[in-house]
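Those protein sequences? They're chains A and B, same order as listed. According to the numbering used here, the first sequence is numbered sequentially starting from 3. According to the numbering used here, the second sequence is numbered sequentially starting from 13. We put the beta carbon where it would ideally sit given N, CA and C, even for glycine. Every value quoted in this text rests on a predicted model; they were computed, and no experiment measured them. Quick notes on the structure that follows.
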Amino acid sequence: MNPLKTRHMPVSGKRVLLLAALCLSPLQVPAQDSWPTYHGNYNGQRHSQLGQITQDNVHTLTLAWAFQTNQTQQIKGTPILVDGIMYVTVTDNLWAIDARTGRQLWRHRNPDNTAFHIGQRGAAIAGNLVYLTTPDAYLVALDRYSGREVWKVEIADHTRGYWSTNAPLLIRNHLIVGVSGDFDNLPGLLRSYDPQTGKLQWTFYSTPPSDLRDEASDKTYGGQMWMTGTYDPGLNLLYVGTGNPTPVLNGEARPGDNKWTGSILALNPDNGKMQWGFQVSPHDTHDWDAAEVPVLVDAPFKGRNRKLLLQASRNGYYVVLDRQTGENLLARPFAAENWSKGVDKRGQPVPDPAKDPRRAGTLVAPDESGATNYRSPAFDPATGLFIVSAADAYGIYFYKREHGEYGWAGADYTVHSRGELRALNYETGEIRWRHDLHGGAGMAGVLTTATGLTFTGDSANNALALRSRDGATLWHAGIGRVANAPITYELDGRQYMVLASGGTLFAFALPETPAH
Amino acid sequence: MQRLSGLCVLVAFLGASASCLAASADLVESGRKHFATDCGFCHGRDATGGSKGADLTRSELVARDVGGDLIGEAVRRGNADKGMPAFASMGKEELNALAAFIHSQKLLVASANGARRSVEPDDLAGGSVEAGQRYFQTNCQRCHSAAGDLAGIGSRLKGLPLLRRMLNPDFQRRSPATLTVTSPEGRRFVGALEYQDEFTVAMRDDLGVYRSWSTRTVTYAVDDPLQAHVDQLARYTDEDMHDVLAYLQSLR
């Protein structure tokens with residue numbers, strides 16, 4: 003039995019054409035009692051059709067259960083949910099818990115290792131297996147009912163500086179997995195595995211490995227694809243953002259555009275071949291990944307229905323692409339930036355060399371953490387708003403020859419950062435409303451619902467529910483700083499909204515009426 | 013050899029009883045592993061600073077640390093404002109090993125030549141004192157005075173620490189903002205702003221008393237003198253920044 007059963011849900015949306023094709027796959031339109039993949043479905047909109055929690059009753063939202071990992075590491079990943087069982091991760095750990103109660107069914111621990119422990123974005127599921135990527139860059143497949151390890155394969159060599167935080171993406175019989183690693187000069191790689199056996203199917207390099215380099219090759223390394231991509235089943239294209247180039251702050255060592263770092267790429271998931279690429283940060287010298295979620299939307303653009311790809315990128319630019327061709331339709335800053343001289347005729351931002359890191363330092367917006375980061379945005383079809391956790395941030399950047407050509411190769415320091423949730427008109431990039439996050443750059447992702455609600459967290463201490471059309475606060479809970487993206491699902495006729503703070507997962511729902 | 017003798021001193025601090033070389037190597041190696049796992053992403057695998065974390069080999073706290081007394085506390089408590097998690101459950105043995113590793117890196121760096129990430133005071137010395145003074149007189153004198161609050165600043169801070177303090181004095185320390193709250197009965201409270209979100213404001217008054225209010229129940233105002241520094245970030249050219257730094261560095 004395929005546990006990812008499909009159920010059609012009511013679909014609405016006045017301005018925007020939503021998926022209406024027949025024979026939709028479970029990850030395209032998941033059942034409402036599930037959240038079966040990192041973004042909830044393939045399009046990365048993080049928009050739910052569930053309607054029990056509304057603008058009128060959200061103020062009564064109350065705690066249904068909490069699950070404590072008892073770990074120092076924060077929950078940064080998105081939990082996934084299939085058949086009433088939720089899978090939640092922190093680095094080196096995966097728990098299966100009952101989505102009705104938060105009770106633990108089993109826990110898997112990766113053996114101790116000395117790789118970087120920065121975060122874990124989430125698990126993936128295919129059939130009876132659940133998958134975890136590890137700091138030491140393994141992909142582990144576990145029986146999803148018992149937690150028993152079924153197989154384990156090395157994605158990349160962690161002793162060279164690779165690690166993985168990636169939530170794998172299942173596309174038919176391909177499990178797509180990415181890695182991280184910009185403290186070392188490493189080629190950027192994305193791999194596809196057979197979900198049942200763990201056999202490697204293909205490897206895509208965003209920057210070439212040494213045996214494929216020659217004198218004419220771009221000297222860059224990096225471009226790691228550490229975030230989970232999105233997928234258009236109609237076009238059979240996987241969309242993935244690539245990370246910054248390496249050496250990170252030393253641009254002298256790698257003249258040119260440094261393709262395909264800082265880019266949005268369309269790949270064929272069957273063979274890993276690249277269909278097109280768009281470089282959001284050509285020749286980056288500030289650690290600005292374009293790994294942020296490429297959100298797929300079918301909507302009018304300048305009066306014509308188009309298959310769009312929307313991204314709020316770490317470098318401060320909001321870009322709209324035609325996802326069939328990669329053609330740029332819009333590139334406009336959504337946060338403070340002083341590093342570009344505008345955009346060229348292809349729509350690519352043009353770096354100002356005066357803002358490259360220097361011996362005496364340059365003052366640059368945004369800072370290294372960027373105008374946004376891994377925190378997922380959401381797209382609300384009813385209002386046409388792309389809602390993103392943004393930051394106006396400044397950093398000072400240093401590079402001198404003595405810093406060399408390896409790894410970071412420079413130094414940088416944030417001097418100021420202010421977080422704000424921003425709702426952009428998807429067609430123009432214009433900011434429709436702003437919501438102060440009361441602190442530095444946020445860590446919480448965003449979820450919107452068909453009832454006009456936006457769930458997220460601020461930078462102070464709160465989970466928030468806002469009104470999607472204007473950003474007004476309708477509910478909050480002081481659970482601590484939220485560091486992951488909310489999910490929602492319905493079980494036994496009750497809608498849950500789940501997000502995390504620290505090492506604890508919180509499930510909120512409307513109050514239950516007493517049985518008697 | 014300087015490094016080894018330094019490690020012996022370090023091991024003495026840590027109270028190790030085995031022979032100096034063996035104990036130090038084991039402890040440092042154990043610390044290296046813990047450091048790589050829990051600290052390396054932010055502070056760099058070699059502790060010389062990373063994407064967010066400070067260069068610990070140049071940290072004032074590390075310089076003042078004896079046998080892990082300050083490092084241990086800093087690791088256990090974390091620093092939420094700066095994004096450092098608290099490792100509250102970390103044991104004494106691990107903390108000792110971490111401290112030993114950090115100190116060994118500090119010694120290593122002090123004796124190393126050549127390539128590493130660092131920003132030296134000389135790197136920042138290119139600005140014009142005169143131009144910086146003019147900029148200061150126009151933009152900074154409303155709040156600051158070269159003969160008053162900033163007298164001798166160039167002797168107290170040099171290079172990068174001065175630049176960071178100049179751009180945003182708030183970034184590494186508590187906000188100097190003042191919170192004024194008026195209760196529904198008309199009582200007025202004034203104190204140092206301790207916390208603010210859209211639902212709650214909190215202060216600590218001159219006597220150290222902590223108070224918080226729901227923002228729904230009171231009227232309040234926040235006066236943050238550092239907003240002028242934040243506003244300035246969008247106005248500085250890099251040349252202005254270097255000039256003002258040169259001027260402040262000249263105030264000895």
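**Prompt:** For G84 of chain B, which of helix, strand or coil comes out of DSSP?
**Reply:** Residue numbering aside, residue 84 of chain B sits at position 72 when the second sequence is read from its first letter. G84 of chain B falls in the helix class under three-state DSSP.
**Item:** Exposure of A319 of chain B, with buried meaning 16 or more beta-carbon neighbours within 10 Å
**Value:** Chain B is shown from 13 up to 264; residue 319 of chain B falls before or after that span and cannot be answered.
**Item:** Given I165 of chain B as reference, the closest of B:L263, B:A112, B:V121, B:Q244 once Cα atoms are compared
**Value:** As a position in the second sequence, residue 165 of chain B is number 153, starting the count at 1. Of B:L263, B:A112, B:V121, B:Q244, the residue nearest in Cα terms is B:L263.
**Item:** Cβ shell of D138 of chain A (< 6 angstroms), same chain only, five flanking positions each side left out
**Value:** Here residue 138 of chain A corresponds to residue number 136 of the first sequence, with the count starting at 1. So the list reads N115, A117, H160, once near-sequence residues are dropped.
**Message:** In the DSSP output, what is G279 of chain A paired with across the bridge?
**Reply:** Taking the first residue of the first sequence as 1, we reach residue 279 of chain A at position 277. Answer is A:L267, bridged to G279 of chain A.
**Distance CB(D497 of chain A)-CB(I55 of chain A) smaller than 8 angstroms** = Position 495 of the first sequence, counted from the first residue, corresponds to residue 497 of chain A. Position 53 of the first sequence, counted from the first residue, corresponds to residue 55 of chain A. Here residue 497 of chain A turns out to be Gln, not Asp, going by the sequence shown. Cβ atoms of Q497 of chain A and I55 of chain A: closer than 8 angstroms.
**Prompt:** Would you call the CB atoms of H478 of chain A and F99 of chain B closer than 8 angstroms?
**Reply:** Residue numbering aside, residue 478 of chain A sits at position 476 when the first sequence is read from its first letter. Residue numbering aside, residue 99 of chain B sits at position 87 when the second sequence is read from its first letter. No, Cβ-Cβ distance for H478 of chain A and F99 of chain B is not below 8 angstroms.
**Prompt:** Counting pairs of Cβ atoms below 8 angstroms between the stretch 206–223 of chain A and the stretch 154–170 of chain A, do you hit three or more?
**Reply:** no
**Message:** If I measure Cβ to Cβ from V121 of chain B and keep anything under 6 angstroms in the same chain, skipping five residues before and after, which residues do I get?
**Reply:** In the second sequence, residue 121 of chain B corresponds to position 109, counting from 1. Only T69 meet the Cβ criterion.
**Request:** Report the residues of the stretch 452–479 of chain A with a CB closer than 9 angstroms to any CB of chain B, ordered along the chain.
**Result:** D460, S461, A462, N463, N464, L466, T475, H478
**Request:** Kindly give me the distance between the Cβ atoms of R129 of chain B and A413 of chain A, rounded to whole angstroms, as I take these residues to be in contact under 8 angstroms.
**Result:** For this step, residue 129 of chain B is matched to residue 117 along the second sequence. For this step, residue 413 of chain A is matched to residue 411 along the first sequence. Confirmed, about 5 angstroms.
**Asked** Just how far apart, CA to CA, sit E251 of chain B and Q244 of chain B?
**Response** The residue given as residue 251 of chain B occupies position 239 in the second sequence. The residue given as residue 244 of chain B occupies position 232 in the second sequence. The straight-line gap from Cα to Cα measures roughly 14 angstroms.
**Prompt:** Any idea what DSSP makes of A204 of chain B, helix, strand or coil?
**Reply:** If you number the second sequence from 1, residue 204 of chain B lands on position 192. Residue state, collapsed to three classes: strand.
**Prompt:** Looking at V84 of chain A and S50 of chain A, is the spacing between their C-beta atoms short of 8 angstroms?
**Reply:** Residue mapping note: residue 50 of chain A aligns to position 48 of the first sequence, counting from 1. Residue mapping note: residue 84 of chain A aligns to position 82 of the first sequence, counting from 1. It is not a contact, given that the beta carbons lie outside the stated cut-off.
**Request:** Report the option in A:L63, A:W228, A:R174, A:N317 whose CA atom is closest to the CA atom of T374 of chain A.
**Result:** Along the first sequence, read from residue 1 onward, the residue named residue 374 of chain A stands at position 372. Per the Cα distances, A:N317.
**Request:** Give the straight-line distance between the Cα atoms of Q203 of chain A and G56 of chain B, rounded to the nearest whole angstrom.
**Result:** On the first sequence, residue 203 of chain A is found 201 positions in, with the first residue counted as 1. On the second sequence, residue 56 of chain B is found 44 positions in, with the first residue counted as 1. Taking the straight line from one Cα to the other gives about 34 angstroms.
**L162 of chain B to F148 of chain B span [Cα, whole Å]** = Within the second sequence, residue 162 of chain B is the residue found at index 150, counting from 1. Within the second sequence, residue 148 of chain B is the residue found at index 136, counting from 1. Cα to Cα, the separation comes out at about 12 angstroms.
**Stretch-stretch touch, CB-based, cutoff 8 angstroms, three pairs: the stretch 304–323 of chain A with the stretch 331–343 of chain A** = yes
**Prompt:** In three-state DSSP terms, what is F148 of chain B?
**Reply:** The residue you call residue 148 of chain B lines up with position 136 of the second sequence. F148 of chain B falls in the helix class under three-state DSSP.
**Message:** Strictly under 8 angstroms for the Cβ-Cβ distance: is Y233 of chain A near chain B by that measure?
**Reply:** In the first sequence, residue 233 of chain A corresponds to position 231, counting from 1. Not one chain B Cβ lies under 8 angstroms of Y233 of chain A.
**Prompt:** How would you call G305 of chain A, buried or exposed, if buried means at least 16 neighbouring beta carbons within 10 angstroms?
**Reply:** Walking along the first sequence from the start, residue 305 of chain A turns up at place 303. The residue in question, G305 of chain A, is exposed, as its Cβ has fewer than 16 Cβ neighbours within 10 Å.
**Request:** Tell me, please, whether the CB atom of L63 of chain A is closer than 8 angstroms to any CB atom in chain B?
**Result:** Locating residue 63 of chain A in the first sequence gives position 61, where the first residue counts as 1. Answer no: the Cβ-Cβ gap between L63 of chain A and chain B never drops below 8 angstroms.
**Prompt:** What do you get for D346 of chain A, buried or exposed, if any count of 16 or more other CB atoms within 10 angstroms of its CB means buried?
**Reply:** Sequence index remark: in the first sequence, residue 346 of chain A carries index 344 (1-based). Per the 10 Å Cβ criterion, exposed.
**Prompt:** If you measure from the beta carbon of K221 of chain A to each beta carbon in chain B, is any gap under 8 angstroms?
**Reply:** The count along the first sequence starts at 1 and reaches residue 221 of chain A at position 219. No, K221 of chain A lies away from the interface with chain B (no Cβ there is under 8 angstroms from its Cβ).
**Message:** Excluding the 5 residues flanking F405 of chain A on each side, which residues of the same chain have their C-beta closer than 8 angstroms to its C-beta?
**Reply:** Residue mapping note: residue 405 of chain A aligns to position 403 of the first sequence, counting from 1. According to the sequence as given, residue 405 of chain A is His; it is not Phe. Here the set comprises L251, N252, A411, G412, A413.
**Asked** Which residues in the same chain have their Cβ closer than 7 angstroms to the Cβ of P211 of chain A, if we skip the five residues on either side of it in sequence?
**Response** Locating residue 211 of chain A in the first sequence gives position 209, counting from the first residue. If we look at P211 of chain A and ignore the five residues flanking it on each side, its Cβ neighbours are P189.
**Request:** Indicate the three-state DSSP secondary structure (helix, strand or coil) for T69 of chain B in the structure shown.
**Result:** Position 57 of the second sequence holds residue 69 of chain B. Helix.
**Request:** Tell me whether the beta-carbon of F508 of chain A lies closer than 8 angstroms to the beta-carbon of A68 of chain A.
**Result:** For the purposes of this step, residue 508 of chain A is taken as the residue at position 506 of the first sequence. For the purposes of this step, residue 68 of chain A is taken as the residue at position 66 of the first sequence. It is a contact, given that the beta carbons lie within the stated cut-off.
**A143 of chain A, DSSP secondary structure in three states** = As a first step, residue 143 of chain A is located in the first sequence; it is residue number 141 there, counting from the start. A143 of chain A falls in the strand class under three-state DSSP.
**Message:** One question on the structure: do P353 of chain A and H285 of chain A come within less than 8 angstroms of each other, judged by their Cβ atoms?
**Reply:** Indexing the first sequence from 1 puts residue 353 of chain A at position 351. Indexing the first sequence from 1 puts residue 285 of chain A at position 283. Taking 8 angstroms as the Cβ cut-off, P353 of chain A and H285 of chain A qualify as a contacting pair.
**Asked** Do the stretch 264–275 of chain A and the stretch 229–248 of chain A make contact, defined as three or more Cβ pairs closer than 8 angstroms?
**Response** yes
**Request:** Taking all protein chains shown into account, decide if K261 of chain A is buried (16 or more other Cβ within 10 angstroms of its Cβ) or exposed.
**Result:** For the purposes of this step, residue 261 of chain A is taken as residue 259 along the first sequence, with counting starting at 1. Answer is buried; the Cβ neighbour count reaches 16.
**Message:** Could you compute how far the alpha carbon of P28 of chain A sits from the alpha carbon of P38 of chain A?
**Reply:** Against the first sequence, residue 28 of chain A aligns to sequence position 26. Against the first sequence, residue 38 of chain A aligns to sequence position 36. Between P28 of chain A and P38 of chain A, the C-alpha separation is close to 8 angstroms.
**Message:** Judging by CA-CA distance, which residue of B:A240, B:D209, B:A214, B:L205 is the nearest neighbour of G441 of chain A?
**Reply:** The residue you call residue 441 of chain A lines up with position 439 of the first sequence. Selected option, being the one with the closest Cα: B:D209.
**Request:** Check the Cβ of F118 of chain A against every Cβ in chain B and list those closer than 7 angstroms, keeping chain order.
**Result:** Locating residue 118 of chain A in the first sequence gives position 116, where the first residue counts as 1. Correct list: G52, F53.
**Prompt:** Thinking just about the alpha-carbon of each residue, which of A:T490, A:R377, A:T74, A:A452 is nearest to the one in A446 of chain A?
**Reply:** What you label residue 446 of chain A is simply residue 444 of the first sequence in a count that begins at 1. Considering only alpha carbons, the answer is A:R377.
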